[in-house]
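*Asks:* Sequential numbering from 16 applies to the sequence shown in the numbering used here.
What follows is a structure written as structure tokens; I'll ask about it next.
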Amino acid sequence: MSRRLILFTDLDGTLLELETYDYRPAREALSRLNAQGIPLVFCSSKTRAEQEFYQREMGIRAPMIVENGSAILIPDDYFSREFDYSRAAGGYKVIELGAGVEEIRQETYAARAELQLQFRGYGELSLAELGAWTGLDGEAAARAQARQYSETIVGELSAEDALRLGHALRTKGLVCARGSRFITVMSAASDKGKAVGRLSDLYRREVGGIITAGFGDGANDAPMLAVVDLPFLLQKPGGDWENISDPRIKKAMAIGPAGWNRLVCRLVEDERLRDHSET
Ligand code: MG
């Protein structure tokens with residue numbers, strides 16, 4: 016019996032080119048997914064405002080997992096069955112896994128003072144400063160700054176200092192997740208894997224048998240890749256893979272949106288791959 020394919024994807028460095036945020040090399044795969052009605056769920060450190068922007072650009076209507084697994088946003092009439100959610104907002108049923116951004120910012124800045132570190136948080140930057148760090152223009156910078164459940168930090172932070180910060184924040188119930196570009200501080204109660212697991216359960220209840228595939232390039236993608244049936248780790252722009260020691264994860268010869276395009280086209284064409292995979 017065939018199972019419904021559901022795709023979960025990271026954005027930065029995966030579906031979006033790392034420096035330019037270009038997704039056009041993936042257009043062929045995106046139109047195939049649309050044509051075949053295969054759900055594509057963004058699962059990224061990006062905010063709701065940013066993900067909505069890319070959903071509109073790509074013509075996608077699907078749930079999204081925002082801010083590194085901190086919340087799942089499901090369009091109001093997307094699933095026919097009832098399910099538990101935290102609140103309704105802006106046309107979505109929102110399942111919140113993480114803490115609110117105010118609490119996270121407070122703890123992050125307190126830890127910085129205590130450890131005498133120099134980084135800055137998105138919440139402290141002007142739009143121009145945020146643009147200079149990220150390469151995002153005014154509106155895109157505003158969308159990136161509209162965080163609800165996590166704080167992204169920029170600036171010089173040695174690996175050792177990042178560890179010290181991580182230890183200090185862990186005592187407050189927070190964790191640091193390193194993405195393709197920056198470190199994001201978020202609740203220890205949330206990660207991409209927990210969110211993907213919750214949403215996969217909802218799909219399973221709705222459509223029966225599913226097979227899930229995940230695409231990512233960074234350390235923060237490891238929890239997502241650990242819970243999907245078909246996990247693909249893409250290469251960094253130089254050709255290296257993030258050091259993730261999970262033998263289930265397939266290291267794909269693929270970089271950014273062009274590589275994503277090839278992987279997804281192959282996946283939607285390959286019925287055997289679906290039939291032979293274990294759930
Ligand atoms: Mg990434």
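Where a beta carbon is used, it is the ideal one built from N, C-alpha and C, also for glycine.
Since we're looking at a predicted model, the values are computed, not measured.
Using the rule of at least 16 other Cβ atoms within 10 Å of the residue's Cβ for burial, across every protein chain shown, is residue 255 buried or exposed?
*Replies:* It is exposed - the Cβ of residue 255 has fewer than 16 other Cβ atoms within 10 Å.
*Asks:* Would you mind giving the Cβ-Cβ distance between residue 95 and residue 111, rounded to the nearest angstrom? I have them listed as a contact below 8 angstroms.
*Replies:* About 22 angstroms separates the two Cβ atoms, so there is no contact after all.
*Asks:* Measure how close the beta-carbons of residue 47 and residue 225 come, nearest whole angstrom, since I'm counting them as under 8 angstroms.
*Replies:* Their Cβ separation, rounded to whole angstroms, is 18 angstroms, which puts residue 47 and residue 225 out of contact at 8 angstroms.
*Asks:* Do residue 75 and residue 88 have their beta-carbon atoms positioned less than 8 angstroms apart in this structure?
*Replies:* No; because the gap between Cβ atoms is not below 8 angstroms, this pair is not in contact.
*Asks:* Identify the residues that DSSP records as bridge partners of residue 231: which are they?
*Replies:* 248.
*Asks:* Roughly how many angstroms separate the alpha carbons of residue 163 and residue 90, rounded to a whole number?
*Replies:* Cα to Cα, residue 163 sits roughly 18 angstroms from residue 90.
*Asks:* Got a sec, what are the start and stop residues for the beta strand (DSSP E) residue 57 sits in?
*Replies:* 55 to 58 is the span of the beta strand (DSSP E), which, as asked, contains residue 57.
*Asks:* Under 7 angstroms from any heavy atom of the ligand MG, does the C-beta of residue 195 make it?
*Replies:* Yes.
*Asks:* Can you name, in chain order, every residue of its own chain whose Cβ lies under 7 angstroms from the Cβ of residue 246, other than the five neighbours on each side?
*Replies:* 229, 240, 263, 264, 265.
*Asks:* Could you say which of 59, 99, 39 lies nearest to residue 196 if we only look at CA atoms?
*Replies:* Comparing Cα-Cα distances from residue 196 to each of 59, 99, 39, the minimum goes to 59.
*Asks:* Who are the near neighbours of residue 172 in its chain, counting only those whose CB is closer than 6 angstroms to its CB and skipping five residues on each side?
*Replies:* Excluding positions up to five away in sequence, the list reads 134.
*Asks:* Helix, strand or coil: how does DSSP classify residue 94 here?
*Replies:* Note: residue 94 maps to coil in three-state DSSP.
*Asks:* Using a Cβ-Cβ cut-off of 8 angstroms (strictly less than) and excluding sequence neighbours within five positions of residue 221, which residues of its own chain qualify?
*Replies:* Excluding sequence neighbours, residue 221 sits near 94, 95, 96.
*Asks:* What is the DSSP secondary structure of residue 48, reduced to helix, strand or coil?
*Replies:* Residue 48: helix per DSSP, three-state reduction.
*Asks:* Give a single yes or no on whether residue 99 has its beta carbon closer than 7 angstroms to a heavy atom of the ligand MG.
*Replies:* It does not: the Cβ of residue 99 is nowhere closer than 7 angstroms to a heavy atom of the ligand MG.
*Asks:* Let me check you understand the geometry: is the CB of residue 167 closer than 7 angstroms to at least one non-hydrogen atom of the ligand MG?
*Replies:* No, the ligand MG has no heavy atom inside 7 angstroms of this Cβ.
*Asks:* Could you tell me the alpha carbon to alpha carbon distance between residue 140 and residue 272, rounded to whole angstroms?
*Replies:* The alpha-carbon atoms of residue 140 and residue 272 are separated by roughly 29 angstroms.
*Asks:* Is it right to say residue 66 is buried, meaning 16 or more other beta carbons lie within 10 angstroms of its own, or is it exposed?
*Replies:* By the neighbour-count rule (16 or more Cβ atoms within 10 Å), residue 66 is buried.
*Asks:* Using the DSSP secondary-structure output, state which residues sit across from residue 201 in a beta bridge.
*Replies:* Beta-bridge pairing links residue 201 to 165, 190.
*Asks:* So what's residue 21 in DSSP terms, helix, strand or just coil?
*Replies:* Note: residue 21 maps to strand in three-state DSSP.
*Asks:* Tell me which residue opens and which closes the beta strand (DSSP E) that residue 211 is part of.
*Replies:* Careful: residue 211 lies outside any beta strand (DSSP E), inside the alpha helix (DSSP H) at 207 to 222.
*Asks:* What is the C-beta distance between residue 126 and residue 184, in whole angstroms, given that I count them as a contact (C-beta under 8 angstroms)?
*Replies:* Right, their Cβ atoms sit about 6 angstroms apart.
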